[in-house]
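Here's the structure we're looking at; comments come further down.
2 protein chains.
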Amino acid sequence: MPDTTAPLDSSTDREPLADLPGGVAPVLPFLYVAWADGMLTPAEIGVVRDRIAAMDWLSERDRAQIAAWLDPSAPPDASTYFGWVRTMRQAARRLPSAEGADLAGLGEALAGLAGQGDGAGIPAEARRALEELEAEIGVVGEEVVRDLLEAPAPPEEERRAARPAFSVGALQSLLDAPHAETRDRIRDLLSDPFFAYPEPGISNDAYRTLILQWVQRLGEEGIGSLAYPEWAGGTGDISRFIAAFETLATHDLSLVVKFGVQFGLWGGSVQQLGNEEQRRELLPAIGRGELLGAFAMSERGHGSNVRDLQTTATFDREADEWVIDTPTDHDHKEWIGNAARDGRMATVFAQLVIDGEGHGVHGFLVPLRDEGGAVMPGIRIEDSGHKMGLNGVDNGRVWFSDVRVPRTALLGRYASVSPEGVYSSPIPSAGKRFFVMLGTLVGGRIAVGAAANSAAKAGLTVAVRYGARRRQFGPAGGPEVVVLDYLSHQRRLLPLVATSYGLNFALHALAEDFAALDADADTREVEGRAAALKSMASWHATRALQEAREACGGEGFRWSARIAHRKADSDIFTTFEGDNTVLQLQVAKGLLGGYRQEFEDLNAWGMLRYLREQADVRLGEVNPLARRNTDEAHLLDPAWHRTLFERRERTLLVQVAARLKGRIDRGDDSFDAFVEVQDHLLTLARANAERLVLEAFQDAVERVEDAQLQNTLRLTCALYALEHVERDRGWFLEQNLFDGPVSKAIRTQVNALLGRLRPVAVELVDAFGIPDELLGSEIGAGRMPLDP
Amino acid sequence: MPDTTAPLDSSTDREPLADLPGGVAPVLPFLYVAWADGMLTPAEIGVVRDRIAAMDWLSERDRAQIAAWLDPSAPPDASTYFGWVRTMRQAARRLPSAEGADLAGLGEALAGLAGQGDGAGIPAEARRALEELEAEIGVVGEEVVRDLLEAPAPPEEERRAARPAFSVGALQSLLDAPHAETRDRIRDLLSDPFFAYPEPGISNDAYRTLILQWVQRLGEEGIGSLAYPEWAGGTGDISRFIAAFETLATHDLSLVVKFGVQFGLWGGSVQQLGNEEQRRELLPAIGRGELLGAFAMSERGHGSNVRDLQTTATFDREADEWVIDTPTDHDHKEWIGNAARDGRMATVFAQLVIDGEGHGVHGFLVPLRDEGGAVMPGIRIEDSGHKMGLNGVDNGRVWFSDVRVPRTALLGRYASVSPEGVYSSPIPSAGKRFFVMLGTLVGGRIAVGAAANSAAKAGLTVAVRYGARRRQFGPAGGPEVVVLDYLSHQRRLLPLVATSYGLNFALHALAEDFAALDADADTREVEGRAAALKSMASWHATRALQEAREACGGEGFRWSARIAHRKADSDIFTTFEGDNTVLQLQVAKGLLGGYRQEFEDLNAWGMLRYLREQADVRLGEVNPLARRNTDEAHLLDPAWHRTLFERRERTLLVQVAARLKGRIDRGDDSFDAFVEVQDHLLTLARANAERLVLEAFQDAVERVEDAQLQNTLRLTCALYALEHVERDRGWFLEQNLFDGPVSKAIRTQVNALLGRLRPVAVELVDAFGIPDELLGSEIGAGRMPLDP
């Protein structure tokens, strides 16, 4: 069992005892004995107090302080008490021989270490007074000292009350940056009883009503319109909106999804694809949550491949209208949020057709229901039915049959059609237009990635706090051990905590870069990062919530632990806003093409040229010394971590390019060639995401000014890096990037890092800053009672 | 895209064409042309029929058959048609040159391959007649032959209708052995509308009522008492009971858990811990589902560490009674199935105390409710509350306060107390007694492992069938591709299918061995295997259901897919009946101690001796040639697979023994030493389970008599083996058990196996034999309509 009180950096053992209270040092052992479990009666504590009050070699101020600490009816707080314990343990370890030391001796030694009497000890009278007191209260000092050295770690609750080596608030500020005030606003809002979680057995209908009320309240509070222009009640800052979304996701996930549908997808489609007139007309009411709407893109047969959507919008020149149609019964819109019950309008994505000529997928404003809530003529809506989770969201299926909307219902920022039926667009290429349109999904992907990480953080908060309290098994005859003190338990939880930290920094940096893009910037790098991090974060959430559930055992299965709820709701995060596997394949293709263009748009020769560029890059030899270096300093070196992650990504890129080139050179169809190397493409995309996270994490660590905090974060980052290298060590070994002994040393080092981070594990999740009201977990509450 | 029509084993290409219908061989190309999409009109088909009817060189029987096949109003069934296609493809590939062959020529070649005319071809008049017919119907034979060779694979639905190379029924029989008839009985029973799934929004109360009715019906049908003696309505065969349990688990998991509580845990505790009188009195009513009861072992603070249960049963000599007490409010029984609502009695596990002396944990028969359902005096019961899943089971918390039961309420097989308060037991050691008592859980562990595998099979059935129908993306301008044809999709599903096969064989063998144990056999090997396989199977279920959900995309999130339900319900399988991590640590300790005794019972010297035995074993050098051999034959060699799995387990065992020995030699506390090597212990336990599964799988393959079937299973087993080696290749590389090139070749070989198994993927899951009524999945039904 690791010593949970050991400082993170063992070098501090050689520094002065920080916690040692100068003047009271000699009597510290008596203060400890007075309050140690069951050692003294209240009456005996009173005796100690009276004796010490009479020791006039102590300063008056010290005596007053000691008397206050020895009031039998008012024990010191846990933080103070464990401060004494920590100090005495540190001191006792430095004694030339702890064997045989009594309380008076320990007190004298403490005084020496505290610098009293220039290390020459305390006055002889003082020493005598202490010895008398020791005899009077009848404790065997040697035993006390020995117990002190061997005592089990203080219970987690009390340990937490003790001052950590850094401020949890400061750590939370790092995670909250750069929109701490927006996050705090959400935390405050959602802590209101109005947002209290419903009972678990709630009907879908009542749940939807509740979630709708919540969403509308957020609209009233101006949260929904954060990303909109100021004239629409917003701040024009998409990054602030994403921060709000991310924080909402520490609460009920039906709320965050319905919120995202209304303000992000529906409102976002108007904001980003609409012309000035459309935006002025609709955005303010959308932002206030008054005009509820849907984003009708996915179809039954086309969830991922939206370029081939089947819904048509055909121009009727006579009527000056668009005619929206669902060609067959199977081509209906599917999973459309806000459609089954609440939506009044929708942005419907359809193939724009004029005189039999298709211009590709475009968005159209289509009313779904009238003022009274009746579905409009020609439209059929069905409920998507009961789901694994997110049953507070009214997903629906929509069919269109000869539904007519005015010519001006075409969202007009990137396309317009004249009354004569002449199509025009500022973007001439249909392919490019399609990608610009899909670009509207990028903000949603970043937000979903961040929300997934919030769900992961919530689950890990519950599991780490519970693990720090739950006792099970223990040494023969001894007390049971807190389960987080088991290596197996640390192994399952702490690397996930580290990954949530890394994703936090990477997603926040991405949101800022996304918000900073100007209108004609090349968006592909940001889009690629969004796809990579959305995949990684949502898979991370699935894994973290699974581990959290299992780590809490049966308690994690209880609804009131609020892991089940988050697990079921967030499961679909790996699928919606872009299926993770499809996104990863896009990421890999983007890396191969240098983000120049989707491969489908290239002919074989164009593709070959790019692949050749990639495959021709030579990778230098790896330094044979580095390959065999098992020194701890080397293993913990951030630069080495970065080299490994970069090298892996680059090598995979070159290898997959060479494979593709080989296949296409010999005449394979490019589609088949890509299918055959899919496993390599997925590996490449994963390596890319993990490298992005490492870089953002390391950059964040570098920016920290407080040394203690920076040290903790550096270790957390090293845990992220090494645990990921360990998981993929098969690849590194195959490629000779390091040898077997290094691989084994990495495993040992991961274990060592777990031991070093264990003492601050609870602080690491406390810094996620999830209020108890939002966490909603009985076993995970921050202010939980002590285990009996 | 892999060629889905390639035979599984290329060597069969050199064997006779099994499907070639002898006499009709020469006209086969015309039969094909007649029915191939859009090639001939009904009138032209009539012409072909009339011409062939006149070919008197054909036998009369063949001509009648051909005429039947060429009835324009009655097309042949898909199975027949695709049989022709397959035969001709095989034949066309063997032609010296397919280029330029016309229909007549192909027919002649077919006849030759079928052995007509001793390979000398068909009569010249016949050849002429065929040429004339070819000219008359006006098809270009060369094109037909070329299309035939290049034709895309038949649509999945039609391919499935075609006769596979082996019988799905025969494959299912292998999986069902040795209790096929019991399984079929359950399948029939549960296919009755009485067992139809409830609506998803059902209240917990209604759900519990439904599940209770189902359990009682199974009791009436004699399913609950299968393991009991014949006088109690059973067969005395625990393995048959486990088979029933496993099959039930392909349906609603609340049912199987409540069934397990009633008949396995409650009834099982009476059967195994009760004396003859207690068994005669209670078992028949329990088995019929009339006397509902609970198994009250777990406590809030003691879910895993049951040796330290807090509930006490104190002997009151005066009253000749036991007094059952829950010492503090926190020591209540927790998660007790059947307790919250339905249970009338319980086996309560408590510390047996006589005159202040404890004799360890024992089971006591305690009435929970009276005839009217009122809770008995001194007992307090609360509902365990809403759960992630299994809400059809009434789990409860139970407190006892001065609850009195007669002296004879002590379950009396292994312990009894005389009226004078003298304790006696046939097992003198308290530690041994404790393990014998825990042995009652072993059957439950095997059953839970098998049930977990059933849940995994159900999820995989849904995902594989759906993946074989769902189309998404495709080559430019071409049709969209069935997603199961993507390597990435095969990668996520097929290895899991292979693992379910392996677990199936391993768990069935284990159930047989368990059932065959006689009363005084050493049970530790079987207990160790049960712990290892329960852990592996339940984690496998969690993973398989997660992958199944994701592989089905949004459709998998729908309740009607019936993945959500299984996922939520089975999540706790990794925790109950022994937490997986705790079980794995026990497995590892068992391996270290040669199953001699739990380590806690050994003193440091005893432990050292065992560790030394293990650590002293020398592992021979690995053959350097084998380390570098990348030949396919070597990579697919079952003996090599077994060597790798055995070597890994043995090496891990020796290494962890050496580590422990080092720590204990230097004076570490044994508890701390074990905690420090926990990660190694868990790795060892995993390696052990995977080896057990490989062995059982290979043994099962060896026993198969049908060559085609055996070949398919051998490839499935190789996929299991190599994919597990690939996942753990980091370890194998670290240990120099193979080199980097072999590691890469393994990955390539896994991909090749996926391609070879893809064509039978649907048959592999069909053979799990889950009727649509039990599967309960809209998208996973076996008789699903073709995708439009």
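Which chain is which? The protein sequence lines are A and B, in order. Every letter in the first sequence is one number past the one before it in full-length UniProt numbering, and letter 452, counting from 1, is 452. Every letter in the second sequence is one number past the one before it in full-length UniProt numbering, and letter 168, counting from 1, is 168. A virtual CB, placed ideally from N, CA and C, is assigned to each residue, including glycine. These numbers come from a predicted model, not from an experiment.
Shown in chain order are the members of the stretch 174-205 of chain A whose Cβ falls below 7 angstroms from a Cβ of chain B: PRO200, GLY201, SER203, ASN204. Per DSSP, the continuous beta strand (DSSP E) segment holding MET345 (chain A) begins and ends at 345-354. One alpha carbon belongs to ARG344 (chain B), the other to LEU713 (chain A), and they sit about 56 angstroms apart. Between ASP331 (chain A) and PHE557 (chain B), the alpha-carbon positions lie close to 19 angstroms from each other. For SER298 (chain A), at least one C-beta of chain B is nearer than 9 angstroms to its own C-beta. By the C-beta density criterion, TRP69 (chain B) is buried, having at least 16 other C-beta atoms within 10 angstroms. Only residues of its own chain outside the window of five on either side were considered, and among them none has a CB closer than 6 angstroms to the CB of ASP637 (chain A). If you look at ALA451 (chain B), you'll find it in the alpha helix (DSSP H) that goes 442-467. Taking CB atoms only, PHE557 (chain A) has a neighbour in chain B less than 9 angstroms away. For VAL405 (chain A), there is no enclosing alpha helix (DSSP H); the enclosing beta strand (DSSP E) has its first and last residue at 403-406.
Taking the Cβ atoms as the reference, ARG492 (chain A) lies roughly 5 angstroms from GLU547 (chain A), within the contact range of under 8 angstroms. In terms of Cβ geometry, ALA165 (chain B) and GLN708 (chain B) form a close pair [threshold 9 angstroms]. Per DSSP, the unbroken alpha helix (DSSP H) holding LEU713 (chain A) starts and ends at 707-727.
Nearest CB-CB separation between ILE563 (chain A) and chain B: below the 9 angstroms threshold. In this structure, ILE746 (chain B) and LEU719 (chain B) do not form a Cβ contact; the two beta carbons are roughly 11 angstroms apart against a cut-off of 8 angstroms.
Chain-order list of chain A residues neighbouring ASN629 (chain B): empty, with the shortest C-beta distance near 16 angstroms, by a criterion of under 9 angstroms. At least one CB atom of chain B sits nearer than 9 angstroms to the CB of MET388 (chain A).
Under DSSP, PHE697 (chain A) forms no beta bridge with any residue. In terms of Cβ geometry, ALA767 (chain B) and LEU174 (chain B) form a close pair [threshold 9 angstroms]. At a cut-off of 9 angstroms between beta-carbon atoms, ALA568 (chain B) makes contact with chain A. At a Cβ-Cβ threshold of 9 angstroms, ILE45 (chain B) and ALA54 (chain B) do not count as neighbours. Residue-level contact check: GLN472 (chain B) touches chain A, since one or more beta carbons of chain A fall below 9 angstroms from its beta carbon.
The shortest CA-to-CA distance from GLU281 (chain A) to any of A:ARG642, A:ALA409, A:GLY360, A:ILE336 is the one to A:ALA409. Linking LEU737 (chain A) to THR651 (chain A) through their CA atoms gives a straight-line distance of about 11 angstroms. Residue range 670-676 is occupied by the alpha helix (DSSP H) that includes PHE671 (chain A).
Remark: C-beta atoms of GLY141 (chain B) and GLY112 (chain B) do not approach each other more closely than 9 angstroms.
The beta carbon of THR499 (chain B) does not come within 9 angstroms of any beta carbon belonging to chain A, so the residue lies off that interface.
From the listed residues B:LEU110, B:ALA67, B:ASP102, the smallest Cα separation to MET88 (chain B) is found for B:LEU110.
Following the DSSP letters along the chain, one finds LEU410 (chain A) in no beta strand (DSSP E), marked with neither H nor E. Exposure of SER203 (chain A) is indicated by the presence of fewer than 16 other C-beta atoms within 10 angstroms of its C-beta. Against chain A, a Cβ distance below 7 angstroms from LEU682 (chain B) picks out SER488. Sequence-distant Cβ neighbours of LEU653 (chain A) in its own chain, meaning closer than 8 angstroms and more than five residues away, are LEU591, LEU592, GLN614, LEU684. Residue pairing of THR312 (chain A) in beta bridges, as defined by DSSP: A:ASP325, A:GLN351. Annotation: SER418 (chain B) has no Cβ neighbours in chain A at a cutoff of 7 angstroms; minimum Cβ distance is about 31 angstroms.
Residue burial is scored here from C-beta neighbours: PRO624 (chain A) has fewer than 16 other C-beta atoms within 10 angstroms and is therefore classed as exposed. Taking a 10 Å sphere around the C-beta of GLU134 (chain A), we find 16 or more other C-beta atoms and assign the residue as buried.
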